[in-house]
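My numbering numbers the first residue of the sequence shown as 475 and each following residue consecutively. For each residue, glycine too, the CB sits at the ideal point set by N, CA and C.
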Amino acid sequence: MENPGTTQSHHVSDIVQVLNSGIDFYSEAKEKVKDGSVAQFFDRMIAARKLTRERLQPFLRGKQGEKETGSSFAVEARKVYTEVIGSMSSDKNHTYIDQLEEVEDKTLEEIKTALDKEQPPAVETALRQSLQTMQQCHDEMRSLQKSSS
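Here is the structure:
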C-alpha cells in the first residue's frame, strides 16, 4: 500500500486515455449519423468529455511532465467493431448509440477503479466531480439508447 502522504495519482492516465478515445469516437460518429438531434447530443458528450479531461489533466502534468494524448485500446477496438457493423446495418444511428453507451460504461468503470485506489485529496475531488459528470452522460446515453430501440 502506498504511503498516505504520497502525491502520486493512480489510474488517472487510463481515464484520460478512455476520454480521448471517446472524444474521437463521438466525433467520428457525429459525422456518420443522419439525425441532427443525435449529432447535437454527441456534441454535448464531446464537450463533457473534454471538460472532464481538462479537470484531470493537471494531475498528469505534475506526474509525467506532459499532456496525455494516448487512447484506450478497448475503446479503439469498439470503434473498429462499430465501423464494420455500421457498414452492414441499415440503422447507423442505433449502431453508434449502442456502442457509445458501452464507451460510457467503460469510462465509469475506469473512474471507479481510480476511486478504489488511495488518491491525494485534490485528485480524489477531481475524480468525484468527473464521476458525476460522466454518470450524467451515461444516463443520458442510456435514455437515448432506450428511445432509439
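Sequence-distant residues of its chain with Cβ nearer than 7 Å to residue i (five each side left out)
i, result
"S622", "N567, H568, I571"
"K591", "H484, H485"
"R616", "E575"
"K504", "A513, F516, D517"
"I520", "I497, Y500, S501"
"A600", "R529, L530, F533"
Close Cβ partners of residue i (< 8 Å) along its chain, the five nearest in sequence each way excluded
i, result
"V507", "A513, F516, K566, N567, Y570"
"A488", "Per the sequence shown, residue 488 should be read as Asp rather than Ala. Cβ within range, chain order: S546, E584, T587, A588."
"S604", "I489, T526, R529, L530, I585"
"D474", "The structure shown does not extend to residue 474, since the chain is modelled only from 475 through 623, so no value can be given for it."
"R602", "L589"
"Q610", "A522"
"S511", "none"
Residue interval of the alpha helix (DSSP H) (run including residue i)
i, result
"E502", "486-506"
"Q593", "No alpha helix (DSSP H) contains Q593, which DSSP labels as neither H nor E."
Beta-carbon contacts of residue i that lie in its chain and below 6 Å, excluding the five residues immediately before and after
i, result
"V597", "S483, F533"
"R523", "L493, G496, I497"
"T481", "The pLDDT assigned to T481 is 47, lower than 50, so where the model puts this residue is not dependable; a value taken from the coordinates is nonetheless given after this. Taken in chain order, the residues that qualify are P594."
Whether residue i touches residue j by CB criterion (8 Å)
i, j, result
"V486", "R527", "no"
"H612", "E578", "yes"
"L530", "T607", "no"
"F499", "L618", "no"
heavy atom of the ligand MN below 7 Å from residue i C-beta
i, result
"Y570", "Ligands in the displayed structure: none, and consequently the ligand MN is not present."
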